[in-house]
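Right, one structure below, let's go through it.
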Amino acid sequence: MKGVPILLVTDGVLMPGTRMKIPVRTPTNLSMIEDLLLNKPDMKNKTIVVAYKQNVDSKKAFPIGTSAKIDKIICWSTNNSRIQYTLHLIGITRVEITDINGYFCQFKHLYNVCCEPISKNDELQFLDAIKKLLLFLTRENHASLIFLKELMTNLSESQIEELTDLCMAMIPGVPYSIQLEFLAELDVAKRMKTVIEQVNRIFRAKNISVVEINGLQSKKIDDNGLEKIKKSRKISPERKIMRRSTDIDEILAKLETARVPEPYKEQILMEYEKYKSMASTSPEHTVLRSWLQFAVSLPWSFSTVDKNDLAKSRAIFEAEHEGMEEVKKRILEFLAVRKLKNDLKGPILCLAGPPGVGKTSIAKSIANTLERRFQRIALGGIRDQSDIRGHRRTYVGAMPGRILTALKLAKCNNPVILLDEIDKLGAGPQGDPSAALLEVLDPEQNNSFTDLYLNMPFDLSKVLFIATANDINNVSKALRDRMEVIEMSSYSTMEKVKIAKKHIIPKQMTQHALLPNHVNFDDNSVLTLIEYTHEAGVRQLERVVGAICRNVALRVAESINTSDVSASDSKLPILITTQEVDKILNLKNKRRQSSNISEIQNSNQPGVVFGLAWTPVGGEVLVVETVLSPGSGKTYLTGNLGNVIKESIQVALSLIRANATRYDLDISTLDNSDLHVHLPAGAIGKDGPSAGSAFTLALFSQISKRKTRKDSAVTGEITLLGKILPVGGIKEKVLAAHRSQIFRIILPKGNKTDVSEIDQTILNSMQIEFVDNVHELISKMIEEPLPEKLKTKSDSLEMLSKL
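The sequence shown lines up with residues 116 to 918 when you count with the working numbering.
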């Protein structure tokens with residue numbers, strides 16, 4: 116079957132129900148007219164499809180066109196004896212063009228829809244827009260009297276969907292792109308809004324005031340015309356019955372196939388009978404129809420079949436994720452237990468770690484290994500529990516909660532649902548959404564989760580919930596107790612190199628249409644990019660690789676377009692070196708943290724120490740600076756410090772004062788000077804006790820004027836007796852030091868077991884030492900030899916050793 120002749124135009128859009136003259140200019144259209152139409156005697160009323168180019172320069176046809184019948188063809192010859200044609204067409208319906216073959220096309224008809232009921236206010240605004248349009252066209256003489264008469268004649272016969280097309284065809288100066296969007300829009304309500312916007316646009320452009328509109332209204336439009344406009348809003352009783360019958364049949368058919376549990380099916384049938392007997396003018400009619408459509412669309416009994424192949428799961432994790440051995444092991448254990456016991460209730464996994472370390476991709480991989488459908492619910496910024504539980508049907512604009520909405524989209528009752536950024540939930544005046552999640556994530560309760568909109572229990576026990584968080588401490592204790600937290604740490608440098616080579620660079624090359632013979636990255640350039648991004652994950656690394664690929668794509672395109680083929684061949688492939696990275700990203704003018712650390716290391720001033728901090732986005736190297744200036748013994752603390760870190764500084768200062776004699780320190784220096792402790796990057800808040808050892812060391816160095824080792828970083832909480840206590844986030848802190856080219860770390864003895872979690876390749880390049888008290892810390896960190904009496908412990912430290 117050949118199909119229907121197609122006419123491709125670039126200027127103007129033929130709306131259904133309107134007339135249009137189309138001059139035939141292009142060779143393709145001329146050939147189509149001559150070969151297909153003029154040779155046939157029955158060209159009158161012949162159906163063709165009018166297609167539109169997506170833009171003037173494009174050769175691609177817009178997917179939506181207009182079926183039209185030919186009213187007549189006008190033929191004439193120009194001065195150079197060339198035959199010209201003009202088609203007079205009448206639009207019929209919107210069509211979707213499915214295939215084009217030469218002069219012919221295949222298509223299917225598109226029908227108007229009403230996704231949401233048209234409000235009374237929208238109808239009034241639309242009628243007002245028609246009135247203003249008629250006034251404007253009469254005033255500006257943009258339309259002939261015949262065209263206006265046709266519109267006024269059809270007002271009482273046309274429906275709103277037909278009027279929207281007719282009005283859009285009459286509005287002058289509508290951009291071509293907006294006309295195409297209007298043609299493709301099947302929702303009548305949205306088309307009405309577009310007409311209103313375009314009418315208001317021409318009134319603003321012409322500066323026509325309300326006074327002028329009112330004046331024209333009294334002169335140009337009589338009551339009979341307005342009455343016809345009002346009548347056009349009414350839908351015929353026959354169409355109302357047909358639409359209502361279709362809705363009822365559809366709801367009943369879905370109810371039969373949904374396999375709703377018997378008690379809930381009875382409740383839905385009761386509401387269904389109420390809906391059938393309800394007048395369409397009732398305010399509850401639309402609300403009840405929406406509820407019924409939602410209830411029968413839920414996957415009450417449909418489940419997908421799990422394909423829990425552990426070998427395949429292991430292969431997927433190894434192929435898609437670099438490093439994270441402990442995380443992979445724990446997830447494989449989780450999948451193994453599910454395989455042995457299909458009715459396993461829980462646990463709910465929570466992947467906690469810095470941004471960009473692969474939490475979401477791990478969840479997607481779990482869905483892939485089980486061959487389950489995947490849905491993601493973004494919880495960041497939610498302040499209303501109704502987003503989880505839904506709104507009661509009695510409220511205007513009531514909607515179901517996000518949990519049941521995700522199940523409706525998944526079309527099964529056992530998908531993998533990712534609760535993304537669960538630590539970003541916050542309580543508001545409408546309740547605490549984290550409290551609403553307690554029922555969702557409790558395996559003992561979620562088999563009868565009740566959404567307030569549905570108002571019937573729904574079984575969530577088959578759903579595999581996976582949560583993600585940056586800072587697990589921000590999750591409420593009750594919610595945290597329902598989840599098993601799997602810590603995901605930062606990537607090491609070598610892991611980032613492997614990720615860049617295996618995943619990021621190939622992905623970015625594909626996105627930028629680059630081939631392997633176009634560009635190559637050497638190892639040093641990848642290391643430079645990793646050092647420059649200085650992040651826990653790889654998101655920024657992917658962005659800068661994309662920036663380099665865009666630069667290369669420009670150079671490749673210019674090289675290919677050059678007329679000298681041999682010259683273009685000699686330029687490819689482009690080798691990305693460290694120098695190329697510096698040039699493309701302009702790194703010389705962008706300051707990096709590692710360069711700041713190297714400057715401090717080169718200056719080697721007393722009173723400056725590198726500490727280590729944990730943040731929700733990964734570990735960081737913390738620079739502690741101290742200064743003594745003439746004064747009266749005051750202490751100044753700056754750097755956006757929290758209460759805990761301020762107390763830690765006070766403990767360090769008291770410890771130094773108490774042991775001044777043992778440490779051979781002149782206590783009068785503190786009494787006659789003002790002490791200023793500063794932590795750079797004041798825009799970032801800092802808190803926590805783990806910098807206590809760094810503060811103690813910095814104060815000792817500043818007062819004694821002895822320099823500390825700048826190739827080392829320290830962490831640990833201190834007590835007034837000089838004991839150094841273990842702290843958290845050791846793996847993140849060690850990785851942060853490694854990223855900053857600091858390869859010697861002093862840790863509390865209580866953190867020895869935490870070091871085993873760090874990758875062995877990192878440990879092989881690091882020198883990690885452990886201390887139990889401040890005296891050992893000072894001995895390991897002061898460059899100059901200590902006096903003999905400092906080599907003995909203070910009384911307080913001796914007391915500690917006896918405890």
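Even for Gly, the Cβ is constructed at its ideal location relative to N, Cα and C.
Lys223 - DSSP class collapsed to helix/strand/coil: strand
Given Gly757 as reference, the closest of Leu794, Asp789, Leu770 once Cα atoms are compared: Answer by Cα proximity: Leu794.
Suppose the cutoff is 7 Å on Cβ atoms and the five residues either side in sequence are ignored; what does the same chain contact list for Ala551 look like? Gln500, Ile503, Arg504
Going by DSSP in three states, Phe858 sits in which element: helix, strand or coil? coil
His649 versus Lys846 - alpha carbon distance: 16 Å
Within 10 angstroms of its Cβ, does Met135 collect 16 or more other Cβ (buried), or is it exposed? buried
If you draw a straight line from the C-alpha of Gly837 to the C-alpha of Leu540, how long is it? 40 Å
Please classify Lys474 as buried or exposed, where buried requires at least 16 other C-beta atoms within 10 Å of its C-beta. buried
Given a cut-off of 8 Å on the beta-carbon distance, is the pair Ile383 and Leu367 in contact? no
Tell me the rounded alpha-carbon separation between Gln694 and Tyr647. So the two alpha carbons sit approximately 13 Å from each other.
Nearest by alpha-carbon distance to Arg374: which of Gln856, Gln875, Cys527 is it? Cys527
Please name the residue, chosen from Asp826, Val210, Thr396, that lies closest to Ile712 on a Cα-to-Cα basis. Per the Cα distances, Asp826.
What does a CB cutoff of less than 6 Å around Pro841 pick up in its chain, not counting 5 residues either side in sequence? Result list for Pro841: Pro863, Gly865, Asn866, in chain order.
Decide if Asn144 is buried, meaning its Cβ has at least 16 other Cβ atoms within 10 Å, or exposed. buried
Could you give the C-beta distance for Glu386 and Gly468, rounded to a whole number, given that I count them as a contact under 8 Å? About 46 Å separates the two Cβ atoms, so there is no contact after all.
Straight-line Cα distance separating Leu835 from Glu891: 15 Å
In whole angstroms, what separates the C-alpha of Glu149 from that of Leu122? Looking at the two C-alpha atoms, the distance is approximately 12 Å.
Whole angstroms are fine: how far does the CA of Leu250 sit from the CA of Leu204? 27 Å
List in chain order: all unbroken alpha helix (DSSP H) runs of 4+ residues lying wholly within the stretch 406-487. 425-435, 440-455, 474-485
Where Asp186 falls: helix, strand or coil (DSSP): strand
Given Thr133, which residues of its chain have a CB within under 7 Å of its CB, disregarding the five upstream and five downstream residues? Gly206, Asp280, Leu281, Ala284
Using C-beta distances below 6 Å, list every residue in its chain close to Pro688, excluding the 5 sequence neighbours before and after it, in chain order. Asn632, His633, Val634, Asn635
What is the DSSP secondary structure of Lys136, counted as helix, strand or coil? Strand, per DSSP.
Which residue comes first and which comes last in the beta strand (DSSP E) that contains Phe177? Neither: Phe177 is in no beta strand (DSSP E) and is coded neither H nor E.
At the level of alpha carbons, what is the spacing between Asp237 and Asn227? 17 Å
Local Cβ density within 10 Å of Ala434, reported as buried at 16 or more and exposed below that: exposed
Which of the three DSSP states, helix, strand or coil, is assigned to Lys523? Helix.
Contact the stretch 574-591 vs the stretch 429-446: 3+ CB pairs below 8 Å: Contact fails: fewer than three Cβ-Cβ distances are below 8 Å.
What is the residue span of the beta strand (DSSP E) that Leu737 lies within? 733-745
Go ahead and label Ile675 buried or exposed: buried means 16 or more other beta carbons lie within 10 angstroms of its beta carbon, across all protein chains shown. exposed
Should the stretch 783-800 be regarded as contacting the stretch 736-753, the criterion being three or more beta carbon pairs within less than 8 Å? yes
Decide yes or no for the touch test of the stretch 717-737 against the stretch 806-822: beta carbon pairs closer than 8 Å, at least 3 of them. yes
DSSP three-state assignment for Lys349, whether helix, strand or coil: Only weak support is given to the placement of Lys349: the predicted model assigns it a pLDDT of 47, under 50, and the question is left unresolved by the model.
Can you list, in chain order, the residues of its chain with a C-beta nearer than 6 Å to that of Lys117? Leave out the 5 residues immediately preceding and following it. Phe219
Below 8 Å on the Cβ atoms is my guess for Thr141 versus Lys168; work out the distance and round it to an integer in Å. Between Lys168 and Thr141 the Cβ distance is about 10 Å, and since that is not below 8 Å, they are no contact.
Could you have a look at Thr625 and say whether DSSP puts it in helix, strand or coil? helix
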